[in-house]
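This report refers to the structure that appears directly beneath it.
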Amino acid sequence: MAIANKISWVFTITLLILLQVIFLFSSCTNFTLPTVENDVILVTDSATTQASPDLVPLRVGIQSFAKTAQKAASDNNLKIEILLLL
């Protein structure tokens, strides 16, 4: 177990060093942004839009309790019909 843990540590440290070296060399590149001097067209843009919502999700639950399932289902159907007519 201790050897596997040591190998994992060495791998992690090596990976971190490698990433730092890659970052260092990538930041040293000679990259220039487009300007008038190097004949490149640079276009930037942004936009936002806003609108009032026209739909609202609505979830409604109805419960009925009765001595039989048939009576409870009938009560539920009646309550739903009344609710939809409002």
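Sequential numbering of the sequence shown, starting at 740, is according to our numbering. Cβ coordinates follow ideal geometry from the N, Cα and C atoms, glycine included. Values in this document were obtained by computation on a predicted structure and should not be read as measured data.
- Per DSSP, S813 is one residue of the alpha helix (DSSP H) stretching across 808-824.
- With distances taken between CA atoms, L797 lies nearest to L823 out of A790, L823, I746.
- If you ignore the 5 residues before and after S791, its C-beta comes within less than 7 angstroms of no other C-beta in its own chain.
- In this structure, I801 places its C-beta atom within 7 angstroms of the C-beta atom of N815.
- When DSSP states are grouped into helix, strand and coil, S747 belongs to the helix group.
- The DSSP-derived three-state label of V760 is helix.
- CA-CA distance, A812 to D793, rounds to 33 angstroms.
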